[in-house]
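Going by the working numbering, the sequence shown opens with residue 23, and the numbers climb by one from there.
C-beta atoms are modelled at their ideal positions from N, C-alpha and C, and glycine is treated no differently.
What follows is a single structure, written as structure tokens, with notes after it.
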Amino acid sequence: MKKKSNTIKHKVVETLKTIILATMFYVGAALLFLGSGIGRSYMVKQNAQVASKTITVRTADKNKKVKTTYDAKKTKSIDAQEIWRAKQYPAYAIGRMSVPVVNIHNPLFAGFGGHNQNLSYGVVTVVPGRTMGGINNYVLAGHYMGSAGPAILDNLHYMKAGDPIYVTDMHKIYAYQTKSVSYSIKPTQIEVENNQKGKGTITLITCSDFNISRYGYGQHRTVVQGDLIGSLPATKSNLEKTELTDKANQSSIKMVKHTKVLNPFTKKMVTVRKPAQTKIYQNVTYNQIKAVFSVIVAVIVLIRLLFIWIPRKNKIA
23 MKKKSNTIKH KVVETLKTII LATMFYVGAA LLFLGSGIGR SYMVKQNAQV
73 ASKTITVRTA DKNKKVKTTY DAKKTKSIDA QEIWRAKQYP AYAIGRMSVP
123 VVNIHNPLFA GFGGHNQNLS YGVVTVVPGR TMGGINNYVL AGHYMGSAGP
173 AILDNLHYMK AGDPIYVTDM HKIYAYQTKS VSYSIKPTQI EVENNQKGKG
223 TITLITCSDF NISRYGYGQH RTVVQGDLIG SLPATKSNLE KTELTDKANQ
273 SSIKMVKHTK VLNPFTKKMV TVRKPAQTKI YQNVTYNQIK AVFSVIVAVI
323 VLIRLLFIWI PRKNKIA
């Protein structure tokens with residue numbers, strides 16, 4: 023009886039040790055992942071996907087009235103602490119933007135937010151008073167998070183002249199055609215934000231950190247500029263065609279086999295690049311990574327507990 027009691031006690035101790043060690047491993051691995059550039063990229067991508075799902079015509083119109091700020095000097099680089107800080111405040115999306123050919127899909131926000139939280143959720147308008155699809159330069163900016171996600175404007179440097187850019191306020195979809203792509207713009211060269219008389223244009227800005235040896239870290243900007251070419255009603259069909267829906271991994275849904283397509287905005291046949299073919303890890307979300315890792319740890323713990331508690335037959339000598 024005493025031997026049996028000792029055996030049960032031993033099993034309980036081993037069970038507790040297994041659970042404690044598994045918990046420590048889980049927390050430690052999670053902290054390492056979230057503290058890495060890859061982890062931050064997936065977290066921001068997840069923020070964007072969650073924010074995008076809240077956008078409707080009604081919420082977009084309502085969110086345009088929310089108080090925001092346009093002081094770029096108060097913005098911070100993205101680290102785990104900044105992401106968690108930003109998550110304490112809601113972000114109010116006013117629409118969406120996409121560049122399907124390079125797998126860019128983001129919710130769109132007015133300014134940097136009342137608590138400078140918006141850059142942790144997506145792309146923001148930089149200059150107050152500018153209108154989407156208007157005769158002005160509609161300037162948007164977003165963080166460069168690395169090549170893992172891709173999140174926000176990570177793939178901006180892959181764009182080429184002629185690539186279409188789409189933005190929507192959920193009433194209409196506005197299309198712009200890329201005219202120029204620059205990689206060595208200094209932060210002080212704010213003239214890229216200026217209006218061009220009588221023209222509707224768009225400017226997309228992010229850091230040129232994709233090549234630190236050449237452009238330095240945070241020292242230069244990638245700037246894409248394009249001209250307004252038309253607009254369409256923001257119907258469900260048109261939102262899907264321009265990849266402006268709330269679906270994750272939109273570029274993996276549609277495969278264009280031909281380079282000549284009908285431009286619905288100009289009603290002309292145009293030659294376009296094929297949509298970006300995403301890598302497998304770029305089609306994985308933060309929640310999927312978390313779920314898979316949790317299942318793996320749980321299975322390992324379960325196997326260990328079965329090994330502890332299930333009696334094993336002694337080998338006969």
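Buried or exposed by the 16-neighbour rule on C-beta atoms within 10 Å, applied to residue i
i, result
"M46", "exposed"
"V79", "exposed"
"K95", "exposed"
"I332", "exposed"
"R334", "exposed"
"P150", "exposed"
"I77", "buried"
"Q71", "buried"
"L328", "exposed"
"P129", "buried"
"I227", "buried"
"P209", "exposed"
"I174", "buried"
"V49", "exposed"
"L162", "buried"
Proximal residues to residue i (C-beta, below 8 angstroms), its chain only, five neighbours per side dropped
i, result
"I195", "Y188, V189, S253, L254, P255, A256, N260, L261, T264 and L266"
"I330", "K33, E36, T37 and T40"
"F134", "T90, T91, Y92, D93, A94, K96, T97, N140, L141 and V146"
"I322", "A44"
"T288", "I251 and G252"
Close beta carbons around residue i, own chain, < 6 angstroms, minus the five adjacent residues each side
i, result
"G61", "F55"
For residue i, the first and last residue of its enclosing beta strand (DSSP E)
i, result
"I174", "Careful: I174 lies outside any beta strand (DSSP E) and carries neither H nor E."
"V214", "Careful: V214 lies outside any beta strand (DSSP E) and carries neither H nor E."
"S202", "K194 to I207"
"N228", "Looking at the sequence shown, residue 228 is not Asn but Thr. Here the beta strand (DSSP E) through T228 covers T223 to C229."
"Y188", "P186 to T190"
Residue i: first and last residue of the uninterrupted alpha helix (DSSP H) it sits in
i, result
"I311", "Y308 to W331"
"D83", "V79 to N85"
"N233", "It is not in any alpha helix (DSSP H) - N233 carries neither H nor E in the DSSP assignment."
"I60", "G59 to S74"
Spatial neighbours of residue i in its chain, beta-carbon cut-off 7 angstroms, leaving aside the 5 residues before and after
i, result
"K201", "A183, Q247, G248 and D249"
"I105", "R62, M65, V66 and S142"
Q: Please specify which runs of the beta strand (DSSP E), each continuous and at least 3 residues long, are wholly inside the stretch 104-160, giving them in chain order.
A: List check, beta strand (DSSP E) in window: 115-121, 126-131 and 145-147.
Q) Which ranges does the alpha helix (DSSP H) cover as unbroken runs of at least 4 residues, wholly within the stretch 237-271, from first to last along the chain? A) Secondary structure within the stretch 237-271: the alpha helix (DSSP H) runs of 4 or more consecutive residues, fully enclosed, are 258-263 (chain order).
Q. If we count Cβ pairs, one from each stretch, closer than 8 angstroms, do we get three or more for the stretch 206-220 versus the stretch 146-162?
A. Taking a contact to require three or more Cβ pairs closer than 8 angstroms, the stretch 206-220 and the stretch 146-162 qualify as touching.
Q. Given 8 angstroms as the limit, is there contact between the stretch 239-250 and the stretch 102-115, that is, 3 or more CB pairs closer than that?
A. In short, these stretches do not touch, since the Cβ pair count stays below three.
Q) Any contact of the stretch 304-319 with the stretch 62-69, i.e. 3+ C-beta pairs under 8 angstroms? A) Touching, yes.
Q) Between the stretch 227-242 and the stretch 114-128, are three or more C-beta pairs nearer than 8 angstroms? A) No, they do not touch.
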